[in-house]
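Residue numbers (this note's numbering): 8 to 344.
The structure appears right after this line, and notes come after that.
In structure tokens:
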């Protein structure tokens with residue numbers, strides 16, 4: 008059982024767990040000793056504010072933008088990359104991730120749980136604006152979860168049963184991790200050109216690849232994930248995206264009995280909305296605090312690929328425990344739709 012995925016109650020001590028995971032994974036590309044990983048994000052914000060190009064955008068808000076900045080890298084071995092210079096609500100990150108994992112496309116499912124981040128894109132006004140006038144409120148179209156679980160299937164509406172239709176990319180990722188971990192095609196793509204016009208919002212975080220390291224006599228196999236994100240809202244979106252794909256990697260590692268390795272974030276159009284500038288200047292004045300740790304309270308009993316997929320789909324918030332998260336206060340930023 009991987010150490011980062013065991014509840015403190017099921018271990019002799021948290022210190023023991025930290026030691027075992029730290030020795031299990033080492034990367035030559037991570038920030039050097041003594042450099043807080045969050046400084047990668049803060050430094051990029053600062054660079055965009057100082058050197059970004061003024062650029063129009065779909066929402067009409069206006070941005071400062073840079074293209075293809077250096078990637079961000081976060082170790083998942085002994086901490087969880089939940090930004091500390093402002094509070095990032097992990098519960099909302101989790102519920103959105105499960106919405107994707109379950110292949111759901113109805114934003115009212117999230118809204119009923121108090122997660123409102125898709126309400127704007129699923130509103131009558133927003134759907135009409137992108138030409139989806141016949142789509143009911145909340146029906147986002149074939150967005151992330153549909154592509155992860157039913158790529159290539161014909162999208163009808165959010166109420167349709169798509170079981171067994173299209174390519175289940177998430178299942179294929181898990182199958183390859185278990186059956187052929189050296190495969191270089193352990194990939195999930197949310198970008199489907201044939202479906203883009205049917206989506207309330209085309210995927211921003213659009214393509215990820217998983218990598219299983221080769222175990223050695225002293226180090227177990229680790230699972231890492233690299234994400235390519237075409238459109239990167241640095242103020243609101245990117246902190247969520249970092250946490251979401253880090254958590255996805257940890258959950259997949261949990262059900263496949265691997266140790267979490269790294270999350271690597273490749274950014275395309277990295278931008279700061281002009282109405283976020285003042286808020287981000289406040290955030291830049293804050294010194295990062297230690298990242299928290301995340302634990303899964305019970306071990307995985309899944310032995311087959313289908314059981315692993317089922318465990319992922321049925322995962323509930325109560326199985327997670329976030330330890331040592333002491334962020335600065337929330338910083339308000341408006342979401343551009």
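Idealized CB from N, CA, C, for every residue including glycine.
- Could you name each continuous beta strand (DSSP E) segment of 3 residues or more that falls completely within the region 179-252, going from the start of the chain to the end? 194-196, 212-219, 229-240
- Message: For residue 58, count the other beta carbons within 10 Å of its own beta carbon; 16 or more makes it buried, fewer makes it exposed. Which is it?
- Response: exposed
- Going by C-alpha distance, which of 276, 298, 258, 171 is nearest residue 81? 298
- Task: Take residue 210 as the anchor and find which of 196, 221, 222 has the nearest alpha-carbon.
- Result: 196
- Query: What residue ranges within the region 271-298 form continuous alpha helix (DSSP H) runs of no fewer than 4 residues, ordered along the chain?
  - Reply: 284-291
- Note down, one range per segment and in chain order, each beta strand (DSSP E) of at least 3 residues found wholly within the region 67-150. 70-74, 79-82
- Message: Does the region 68-83 come into contact with the region 121-140, if we say contact requires no fewer than three beta-carbon pairs (one atom in each stretch) closer than 8 Å?
- Response: no
- Task: Answer yes if the region 170-178 comes into contact with the region 209-226, meaning at least three C-beta pairs across the two stretches below 8 Å, and no otherwise.
- Result: They do not touch, by the three-pair rule.
- Nearest-angstrom Cα distance between residue 53 and residue 93? 16 Å
- Task: Could you pull out every unbroken beta strand (DSSP E) segment of at least 3 residues lying fully inside the region 295-327, listed in chain order?
- Result: 300-303
- Task: Put residue 161 into one of helix, strand or coil per three-state DSSP.
- Result: coil
- Count the C-beta pairs between the region 196-207 and the region 149-163 that are closer than 8 Å, then say yes if the count reaches three, no if not. yes
- Message: Per the DSSP calculation, residue 262 is bridged to which residue(s)?
- Response: Per DSSP, none; premise fails for residue 262.
- Minimum C-alpha distance to residue 145 - residue among 314, 164, 138: Checking every option, the nearest Cα to that of residue 145 belongs to 164.
- Message: Considering only the alpha carbon of each residue, which of 279, 220, 253, 206 lies closest to residue 129?
- Response: 206
- Message: Let me check understanding here. Comparing Cα to Cα, which of 186, 40, 100, 344 lies closest to residue 252?
- Response: 100
- Does DSSP put residue 37 in a helix, a strand or coil? Correct three-state label for residue 37: coil.
- Proximity below 8 Å, CB of residue 112 to CB of residue 150: For the 8 Å CB-CB criterion, residue 112 and residue 150 form a contact.
- Query: Under 8 Å, do residue 286 and residue 340 count as touching if we go by C-beta distance?
  - Reply: yes
- Excluding five sequence neighbours on each side, which residues of the same chain lie with their C-beta closer than 8 Å to the C-beta of residue 107? Closer than 8 Å at Cβ, skipping near neighbours: 151, 152, 155.
- Leaving out five residues on either side along the sequence, give the residues of the same chain with a beta carbon under 7 Å from the beta carbon of residue 97. 89, 250, 329
- Nearest-angstrom Cα distance between residue 332 and residue 87? 10 Å
- Starting from residue 48 and walking both ways along the alpha helix (DSSP H), at which residues does that stretch end? 45-58
- Among 255, 51, 135, 280, the one whose alpha carbon lies nearest that of residue 103: 255
- Pick from 305, 280, 310, 342 that is closest to residue 64, judged by C-alpha positions: 280
- Task: Please confirm whether residue 61 and residue 69 have their CB atoms less than 8 Å apart.
- Result: Yes, they are a contact pair.
- Query: Buried or exposed: residue 229, going by 16 or more other Cβ atoms within 10 Å of its Cβ?
  - Reply: buried
- Query: Given residue 247, which residues of its chain have a CB within under 6 Å of its CB, disregarding the five upstream and five downstream residues?
  - Reply: Only 100 meet the Cβ criterion.
- Have a look at residue 319 and residue 140 and give me their C-alpha separation to the nearest angstrom. Whole-angstrom Cα-Cα distance: 34 Å.
- Item | Secondary structure of residue 65, DSSP reduced to three states | coil
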